[in-house]
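Here full-length UniProt numbering is used: position 548 in the sequence shown is 548, and no number is missing along the way.
Input: a single structure, listed below in structure tokens.
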Amino acid sequence: MRLQGTRGRFFSIGINTFQTDMQLQRVPSVKTSGLPVLFLMWCLLFCCCCFNTRVQSFNVDTKNAVIFKGPPRSRFGFSVVLHKNDAGYWVLAGAPNSKSKYQRSVLNPGALYKCEINGTISRGCSQVKLDNKGNRHKTEHPLYYYSRKEEQLLGLALDNQNGPNASVVICAPQWKDQRYRNHYLVNGMCYTINNNLDFSSVKQHHPMTVLSQQITQQGVYYYALGQAGFSAHYMKDGNMLLGAVGMYDWLGGLVHVDKTGRSENFIPDPRVFDNDSYIGYAVSSGKFFPQGNLNYVTGAPRMKLTGKVYIWSNTFRLLLEKEGQQFGSNFGAAVLGVDLTGNGLSDLVVGAPMYSAQAGDEGRVYVYINKDLGVLEQLAEPLSGSNVPGARFGSALAAIGDVNLDGFQDIAVGAPYEDQMRGCVYIYHGHPAGLRRRPAQRIPAADIDRGLRAFGSAIGKGLDVNKDRYKDLIVGSNSADSAVLLYSRPVVMLTSSLTADLDHFHPEMKTCSYRGQEHLCVTLRAGFMYNGHGLPDYLDIKYTIRLDTYQPTPQLYRASFTINGLNAIQQTVLRLRRGVTEYNETDIFIKTSVKDILTPINIVLDAELEETSLKASGCISCPVLDAYKVTTSEKQLHFLHQCGSDNLCHTDLQLQSSVSLPGHESVFLLGSEAPLQVHLHVKNNGEAAYGTEVIISHHPVIEFVKVVGSDKNDVTVTCSPMQSDDYIDTPLYVSLNNSDVNATVQIICDIGNPIPANGDVELVVYLDASKLRFETRQLKIESLVRTGSVEANVSLANNVAIDTIPVKFHVISSLTGASNPEQITYTKQDVKGDKFVEFTQRVDIRNLGPSPLPEAVLEVLVPKATEHGDRLLYLDVVELENDNVMADKGLSCFLPSGQASESGSLATQPTIPGAFTPDFMTLPTVAMPTDETPDEGVEDDIIVVPVSASAGKKWSWSEVDYVAPKLTEHSCRVSGECWNYTCAISNLRAGESVLLTIAASVLFGQLQHYTVSADGFSIVSEVTLKGRHPRLLDVNSLERSVRVSTPVHPSDLAAPEGIKSWVLGVSISVGILLLLILVLILWRCGFFKRKTHEELERLMKEEEEDPWNGSVIEGEEDRVAVYPPADMNNHNHNGTFQYRPVHSDDDYYEQPISVLDTSY
């Protein structure tokens, strides 16, 4: 779609179907025998079934989807939302290429459609009346425009609110103002309509029709191609954000519209941000800081070619920014602010749909978790969907609410060109640590209707439209002119347990009788309970128990449900009542002749919903099991041996532990990457200890790395993290978790079965503590040993060991300063006038690690006045910034009480906060010095001392001679007065840095009070970093100072004085005298005597007869000059002939050479 303007620019709005060059790759065939192939196929089928049942088909129902259709080729479904009002529930869909029922004279202006929701029945859709006038001339104050609505793309952006005072916004970014006959101003506009979609409530918003701000004097398109409404978003406070990608030569910008309809336009500073960045391509909002108002989020997918996302304050001050990782990935084409972790702060989700991993355009979605204090930490790996070439995963993002009612917000991600351009939608669930990387569900368009195309190009916010408390979804498929309604299914949270009345036994024990014979029997007890919302009071489940799963073949099974030992699998259907735990018991037989008594008998319990009874109940969207709730339980039965006559092993275990810290330190240094080594020694002073385990409890951010057993142990040691449901109530775990349920995590180590009498086991557990946070003051690592054998209570005291390690910081810092420009020059005219030059001094404060820096203070000294009281500098700004956060000047750097900043005295602020003021807007004039005597008590006025008219003379003040002092350095070491700023630094991680910026201006008019040599003088600021945290290990490694110097040089020195007249006279006289003496000497030597005329004629005649005289002058044999004949045709105006040499086309001559010219 062409955007018409004076310079013929074009911009692709991307509504056409994208084509990708995808080719199917054939897998090479492999020749194998029949049995392995069948076994492999069975394994693949089993794995796929187990995988897909829980993850690929969670609780979004694809079998009962409702498809709403729009007019052909209208792009119906390009934008979609679910809507609720007094009349019921609706699907609202934008169709940017649609004809208008109410504006028949306008060519394809686009339209908004509403579709009534009635269960699984699609009743068709109708247009919403927004405008019944064609192109018209608007002249009412303050708007003056001539509206052109042809192909304005109404419906490209759509958003809504739900509630009694809510409204709907739909935008036409290619609405044009035909201000002149052949030139259209593509300003863009939006309509808003109330919740009930009443035509009488429609309002039009034209934020960019101000004529004076269309094109700057330099020819920059300011508002002329702004395209307001390219994206639209309602914030929680009821205000509205509109993206305007075309403002200021496609730098882009943002329009804020409050609840009253008043709009405020914002363009970032073009001196900082690049043109063609498309800021506003996508917009969102969120609360990213604990205090303050909502923040604005804008995507800029072409900024720096990698794309960026910006977070702004409500005064348009830049707070955070995130940058893409690949050129051309369109990072920022979709943005979303949503609280995924439930901590009350918004997290950031960013789509990069054109990220290329292999074949191209696979797409990625980046998730940044809010860690408070303005820190957005990226998840380790971006989301990638199925990583299919051409899928453009991340083209659309939506906060769909809590679709599975687990208490955390979920999101949907569109991949509209996956699966041969049909499209897919991925559902990701939130949880306390952020977002689950593995999708809860993949919804391909082919599972709904194979005629869908670009399914997932638009996704609306979730809304419960069938009143079952679960959020439902609406997905656009604009290439098929369709919108698809997907219902969410109720989620069953099923818990299971498996216990045994005997879990340690000797193989010769007898516990039951069957047909007159004694056998070893164990009673298994399976327990189940379910809960959830929108569920029936009763549900049937089917559970399966599998015995001795560690054995590879049935012939080696040591347990069975039947006496013959062949039946190791049992399935049972059990009816459950909601909220009530039901138990079912069954007996198993243990074989008498068992050779393997070291390996435990592992029993697995699996449970699932019984599908037959669900279908018989007539449910439309039937319940589904929670994909993240474990419905599998395991139980191990152990054999006893090497024990006394009572078949009980009485043990006495003793545990000793110690912790080795990196670098053999006595404290743990925060940020150290070397793992902790927990040395454990278990001694058995009793009989054989079976099923011996060591439980290690530690801080939750510490991660298990590996375990190494001692070479002298003839046992295999294995360790693994425990599931939270299996945690053991150790003393440390109980004491810490009474106040914080996430205070510790546990590792379980299997250290031998058995540990023989008087035997011991040594092992070293490696733990990674590099992710410890600032607030951790000490580490506590508790180790506990337990066994399946019998141990008396009196001997349990030495089964526990606790190691406590202090945690401190060790920070090595560096300060590097630089000036921009590197030096300043000035002329005499600059000194006589009132010219000033801005300069910037920057200091990079870097944490070299290894620990993060919790807090520190920067002391910044900037010279304010010379020792004579003159003000050479005017300070503009002192601020801190880093890669993510632009610190607030008033909060991060401040002056002590009694000092006042002159920020802004020589620079004016833009009319819109944070925006750039173009050339055609009027700027306030800068107050310059005057010759008037300043008022008494006015500290900041500039005193101009009068200078005498004659150059080189001293100037006077109050008719008293004054000798100008010499100026070599302007710094706080020699100045009379300084600005003393204090800047706070906190939470600076190892390897990160903050940048201190000192922006000031030097006024050259003050230099006429001073004498400045040709070497000039220097403006020097001093910056000192000081640490004040009590847990710093070495303050000296942190504290640093640096001096930043900006040289100032005069560019033109004074001209030398004229030559004195007496010196000139003496020089001429001496020259004439020397000439006379030289002439006298030549005369005395006979220089002026001539030969006779006859002798001269004789010599000339001899020379004509034999010019060479048969000889060559000695020493001149090789110095023979040969002149080519002259070109007689080349006669110049002076009567001489010019020689024009013959040359090729490659020769080059400045000018021809005259044969009569001997100057060369």
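Idealized CB from N, CA, C, for every residue including glycine.
Within 9 Å, strictly: CB atoms of residue i and residue j
| i | j | result |
| --- | --- | --- |
| alanine 396 | glycine 456 | yes |
| alanine 380 | proline 353 | no |
| leucine 574 | methionine 529 | no |
| glycine 124 | alanine 483 | no |
| threonine 581 | serine 789 | no |
| valine 765 | valine 678 | yes |
| serine 479 | alanine 458 | no |
| isoleucine 569 | isoleucine 601 | no |
| aspartate 131 | glutamine 204 | yes |
| lysine 176 | lysine 149 | yes |
| leucine 153 | proline 96 | yes |
| glycine 87 | leucine 158 | Reading off the sequence shown, one finds alanine at residue 87, where the question assumed glycine. No. Outside cutoff. |
| leucine 605 | serine 697 | no |
| proline 378 | tyrosine 366 | A small fix is needed here, since residue 378 is glutamine in this sequence, not proline. Contact: yes. |
| leucine 873 | alanine 1000 | yes |
| residue 1212 | isoleucine 590 | With the chain running from 1 to 1160 in the structure shown, residue 1212 is simply not present. |
| isoleucine 411 | leucine 345 | no |
Close-in-space but distant-in-sequence residues of the same chain around residue i (CB under 6 Å, 5 per side omitted)
| i | result |
| --- | --- |
| threonine 586 | Leu524 |
| valine 66 | Thr120, Ser122 and Leu485 |
| alanine 1054 | Because alanine 1054 carries a pLDDT of 47, less than 50, the predicted location of this residue cannot be relied on, and the following value inherits that uncertainty. Excluding positions up to five away in sequence, the list is empty. |
| alanine 166 | Asn195 |
| valine 255 | Pro207, Ala228, Leu242, Ala244, Ser263 and Asn265 |
| phenylalanine 1004 | Tyr826, Asp830, Val831 and Lys835 |
| tyrosine 727 | Gln746 |
| residue 1163 | Outside the shown range of the chain (1 to 1160) lies residue 1163, about which nothing can therefore be said. |
| proline 863 | His970, Ser971, Cys972, Ser975 and Cys978 |
Where residue i falls, given that 16 or more other Cβ within 10 Å makes a residue buried
| i | result |
| --- | --- |
| glutamine 174 | buried |
| asparagine 118 | exposed |
| proline 290 | exposed |
| alanine 769 | buried |
| histidine 533 | exposed |
| aspartate 1034 | exposed |
| threonine 744 | buried |
| isoleucine 620 | exposed |
| glutamate 1114 | Because glutamate 1114 carries a pLDDT of 43, less than 50, the predicted location of this residue cannot be relied on, and the following value inherits that uncertainty. Glutamate 1114 comes out exposed. |
| isoleucine 541 | buried |
| tyrosine 426 | buried |
| proline 1124 | The predicted model places proline 1124 with a pLDDT of 42, which falls under 50 and marks its position as unreliable, so this point remains unresolved. |
| glycine 332 | buried |
| glutamine 441 | buried |
| leucine 327 | Residue identity differs from the one stated: residue 327 is phenylalanine in this sequence, not leucine. Its Cβ having fewer than 16 others within 10 Å, phenylalanine 327 is exposed. |
| residue 1204 | The structure shown does not extend to residue 1204, since the chain is modelled only from 1 through 1160, so no value can be given for it. |
| isoleucine 1019 | buried |
Cβ-based neighbour list, residue i, same chain, cut-off 8 Å, excluding 5 preceding and 5 following
| i | result |
| --- | --- |
| leucine 1032 | Lys808, Phe809, His810, Val811 and Leu1038 |
| aspartate 472 | Leu82, Gly462, Leu463, Asp464, Val465, Asn466, Leu485, Leu486, Tyr487 and Ser488 |
CB contact below 9 Å: residue i versus chain C
| i | result |
| --- | --- |
| lysine 69 | In the structure shown, chain C cannot be found, because there is only a single protein chain. |
The ligand NAD heavy atom lying under 8 Å from the CB of residue i
| i | result |
| --- | --- |
| alanine 1014 | Among the components of this structure there are no ligands whatsoever, and the ligand NAD is therefore not found. |
Proximal residues to residue i (C-beta, below 7 Å), its chain only, five neighbours per side dropped
| i | result |
| --- | --- |
| asparagine 584 | Ala526, Thr572 and Leu574 |
| alanine 446 | Asp419 and Arg422 |
| serine 126 | Tyr113 and Lys114 |
Evaluate the contact criterion for the region 978-989 versus the region 650-669: three or more CB pairs, one atom per stretch, below 8 Å.
Too few Cβ pairs lie closer than 8 Å, so no.
Check whether the region 839-852 and the region 985-994 are in contact - that is, three or more C-beta pairs closer than 8 Å.
Flag = yes, the region 839-852 and the region 985-994 touch.
3 or more residues per run - each beta strand (DSSP E) lying fully within the UniProt domain "Integrin alpha first immunoglubulin-like" (488-641)
The beta strand (DSSP E) runs of length 3 or more contained entirely in the UniProt domain "Integrin alpha first immunoglubulin-like" (488-641) are, from start to end of the chain, 491-500, 512-514, 517-531, 538-546, 569-577, 582-590, 601-609 and 632-639.
Inspect the CB distances between the region 552-565 and the region 623-633 and report whether three or more fall short of 8 Å.
In short, these stretches do not touch, since the Cβ pair count stays below three.
Just list the alpha helix (DSSP H) runs in the region 210-286, keeping only unbroken ones of 4 residues or longer that don't cross its boundaries, in chain order.
Listed in chain order, the complete alpha helix (DSSP H) runs (minimum 4 residues) inside the region 210-286 are 247-250.
Is the region 320-337 in contact with the region 262-270, if contact means three or more CB pairs nearer than 8 Å?
In this structure the region 320-337 does not touch the region 262-270; the number of beta carbon pairs closer than 8 Å is below three.
Which ranges does the alpha helix (DSSP H) cover as unbroken runs of at least 4 residues, wholly within the region 807-881, from first to last along the chain?
Listed in chain order, they are 828-832.
Runs of beta strand (DSSP E) lying entirely within the region 957-1005, each at least 3 residues, in chain order:
Segments of the beta strand (DSSP E) lying fully in the region 957-1005: 977-988 and 993-1003.
As an exercise, report each continuous beta strand (DSSP E) stretch of at least 3 residues that is fully enclosed by the region 407-457, in chain order.
For the region 407-457, the continuous beta strand (DSSP E) assignments of 3+ residues that do not extend past its boundaries occur at 410-415, 424-431 and 441-444, in sequence order.
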